[in-house]
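*Asks:*
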DNA sequence: TATTGTTATACTCTATAACTATA
DNA sequence: TATAGTTATAGAGTATAACAATA
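Protein chains in written order, with our numbering: chain R, -13 to 150; chain A, -13 to 150.
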């Protein structure tokens, strides 16, 4: 016997939770945003797992691979992570042989992050995996909606630290 | 002297980070989603702070106030939190005098969460505060875009545990 | 035998302050 | 005096397993 006694609350396929969607919370944009992000995040992390990466380390690697030669401080500001978190993030990448710290020319305090050859290679595959995951994650939206969504999210993100 | 030596990377108003937006990462929907969510989340938490609430406890309180009489298991499923996390969440609300555990009629294993009078009162004010914060947070979008965004996020969230 | 709520534990994440070396 | 990176530490958040009461 399962869930036959209190039929009104628990006889749905999803465990009887659907009725909770009909609340202020289930109709709140911020809540839906958090939920969508959680789904997207765990999909991305799952896709990156085979490469020993997470979204954090992947982001750093991605920026490094583009040849932007970011300083740790820039990564801290851009990714909104504490400088100390960047340290361990780059330690990870260095220990995995994917990136290195290089001293900046003009300022001996500054480190710049550069990818190794293996870093570039791993990144190419990891990127494919995340893009595949992202396609699946946003497959419920058509191309125009996906573009709209991206534009809106970009607008919202821009409020904080303006791109361009 | 500040940031005049390596002018190409650090002479912008935002700390020179804007150049990092022109990367794969800065153009990634999942990344923008995470950023937008972080902004929305911290705005909501800031708005709730005066009431001794966070988004988590606020969500539980909101559901309770609607009279849905959710079980802890339902809250766990709906909010995608471990049952043990629900325990401490409700402990918080109970200690603050905002909600109580009530035994379910048909199943003596089950607790149901109900608001206190003070819980209802606090929620009304907290709700106003979060709505104000949400309005500010999404003010960069016009009404139609906000509606579109909400609909899209709802679609994405629905993939996981379907509402309705 | 399965489920609800609970406790305990460990692990990750996050935030903070203090330290060094450079500027 | 201020900044880049580092270290250490404590707090919050998360995941897991084991347990008692009940079904």
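The beta-carbon is built from N, C-alpha and C at its ideal position, and this holds for glycine as well.
Return yes when the C-beta of residue 109/A is under 7 Å from any heavy atom of the ligand ADP, and no when it is not.
*Replies:* The ligand ADP is not part of the structure shown, which contains no ligands of any sort.
*Asks:* Assuming contact is defined by CB atoms lying nearer than 8 Å, are residue 6/R and residue 64/A in contact in what I supplied?
*Replies:* Taking the first chain and counting its residues from 1, one reaches residue 6/R at position 20. Taking the second chain and counting its residues from 1, one reaches residue 64/A at position 78. Yes. Within cutoff.
*Asks:* From this set, 13/R, 37/R, 3/R, which residue's C-alpha is nearest residue 115/R's C-alpha?
*Replies:* Counting from one through the first chain, the residue named residue 115/R turns up at place 129. That would be 37/R, whose Cα lies nearest to the Cα of residue 115/R.
*Asks:* Does the distance from the C-beta atom of residue 98/A to that of residue 90/A stay below 8 Å?
*Replies:* By 1-based counting over the second chain, the position of residue 98/A is 112. By 1-based counting over the second chain, the position of residue 90/A is 104. Yes, they are a contact pair.
*Asks:* Cβ of residue 76/R less than 8 Å from any chain A Cβ?
*Replies:* Within the first chain, the letter at position 90 stands for residue 76/R. Judged by the 8 Å Cβ criterion, residue 76/R is not in contact with chain A.
*Asks:* Can you check DSSP and say which residues form a bridge with residue 97/A?
*Replies:* Indexing the second chain from 1 puts residue 97/A at position 111. DSSP, once it has assigned bridges, lists 89/A as partnering residue 97/A.
*Asks:* Residues of the region 7 to 26 of chain R in Cβ contact with chain A at a cutoff of 9 Å, in chain order, please.
*Replies:* Under the 9 Å Cβ criterion, the region 7 to 26 of chain R contributes 7, 8, 9, 10, 11, 12, 13, 14, 15, 16, 17, 18, 19, 20, 21, 22, 23, 24, 25, 26.
*Asks:* Verify whether the separation of the beta carbon atoms of residue 105/A and residue 85/A is less than 8 Å.
*Replies:* Walking along the second chain from the start, residue 105/A turns up at place 119. Walking along the second chain from the start, residue 85/A turns up at place 99. Yes, they are a contact pair.
*Asks:* Assign residue 45/R to one of two classes, buried (16 or more other C-beta atoms within 10 Å of its C-beta) or exposed (fewer than that).
*Replies:* Locating residue 45/R in the first chain gives position 59, counting from the first residue. The residue in question, residue 45/R, is buried, as its Cβ has 16 or more Cβ neighbours within 10 Å.
*Asks:* Over the uninterrupted alpha helix (DSSP H) stretch that includes residue 69/R, give me the two end residues.
*Replies:* Counting from one through the first chain, the residue named residue 69/R turns up at place 83. That run of the alpha helix (DSSP H) goes 69 to 81.
*Asks:* If we count the other Cβ atoms within 10 Å of its Cβ and call it buried at 16 or more, is residue 128/R buried or exposed?
*Replies:* Here residue 128/R corresponds to residue number 142 of the first chain, with the count starting at 1. By the 10 Å Cβ count, residue 128/R comes out exposed.
*Asks:* Just tell me which of 69/R, 4/R, 27/R has its CA closest to the CA of residue 124/R.
*Replies:* Reading the first chain from its first residue, position 138 is the one you call residue 124/R. Nearest option by C-alpha distance: 27/R.
*Asks:* Taking the alpha helix (DSSP H) that residue 4/A falls in, what are its first and last residues?
*Replies:* Position 18 of the second chain, counting from 1, holds the residue named residue 4/A. Careful: residue 4/A lies outside any alpha helix (DSSP H) and carries neither H nor E.
*Asks:* Which residues does DSSP list as the beta-bridge partners of residue 57/R?
*Replies:* As a working note, residue 57/R is residue 71 in the first chain. Residue 57/R pairs with 98/R.
*Asks:* Which of the three DSSP states is assigned to residue 52/R in this structure?
*Replies:* Along the first chain, one-based indexing puts residue 52/R at 66. Coil at residue 52/R, not helix or strand.
*Asks:* Taking Cβ to Cβ, would you say residue 72/R is nearer than 8 Å to residue 58/R?
*Replies:* Taking the first chain and counting its residues from 1, the one referred to as residue 72/R is at position 86. Taking the first chain and counting its residues from 1, the one referred to as residue 58/R is at position 72. Yes; because the gap between Cβ atoms is below 8 Å, this pair is in contact.
*Asks:* How long is the line joining the alpha carbons of residue 16/A and residue 22/R, rounded to whole angstroms?
*Replies:* For the purposes of this step, residue 16/A is taken as residue 30 along the second chain, with counting starting at 1. For the purposes of this step, residue 22/R is taken as residue 36 along the first chain, with counting starting at 1. Looking at the two C-alpha atoms, the distance is approximately 10 Å.
*Asks:* Give the interface partners of residue 129/A over in chain R, defined as CB-CB distance under 7 Å, in chain order.
*Replies:* What you label residue 129/A is simply residue 143 of the second chain in a count that begins at 1. Within 7 Å Cβ-Cβ: nothing; residue 129/A doesn't reach chain R, min ~12 Å.
*Asks:* Quick check on residue 141/A: does DSSP put it in helix, strand or coil?
*Replies:* Here residue 141/A refers to the residue found at position 155 when the second chain is read from its first residue. Helix, per DSSP.
*Asks:* Does any C-beta atom of chain A lie closer than 8 Å to the C-beta of residue 120/R?
*Replies:* The residue given as residue 120/R occupies position 134 in the first chain. Taking Cβ atoms only, chain A reaches closer than 8 Å to residue 120/R, which makes this a yes.
*Asks:* Using the beta-carbon of each residue, which ones in chain R are nearer than 8 Å to residue 54/A?
*Replies:* As a first step, residue 54/A is located in the second chain; it is residue number 68 there, counting from the start. Residues of chain R passing the Cβ test: 5, 6, 9.
*Asks:* Distance check for residue 39/R and residue 177/A, CA to CA, integer angstroms please.
*Replies:* Nothing about residue 177/A can be read from this structure; chain A reaches only from -13 to 150.
*Asks:* List the endpoints of the continuous alpha helix (DSSP H) containing residue 108/A.
*Replies:* Along the second chain, read from residue 1 onward, the residue named residue 108/A stands at position 122. Its alpha helix (DSSP H) spans residues 103 to 123.
*Asks:* If you reduce the DSSP assignment to three classes, tell me which class residue 128/A lands in.
*Replies:* Within the second chain, numbered from 1, the residue matching residue 128/A stands at position 142. The answer is coil: DSSP assigns residue 128/A none of H, G, I, E or B.
*Asks:* If you reduce the DSSP assignment to three classes, tell me which class residue 66/A lands in.
*Replies:* Within the second chain, the letter at position 80 stands for residue 66/A. Note: residue 66/A maps to coil in three-state DSSP.
*Asks:* Along chain R, in chain order, which residues have C-beta atoms closer than 9 Å to that of residue 48/A?
*Replies:* Residue numbering aside, residue 48/A sits at position 62 when the second chain is read from its first letter. Correct list: 9, 10, 11, 14.
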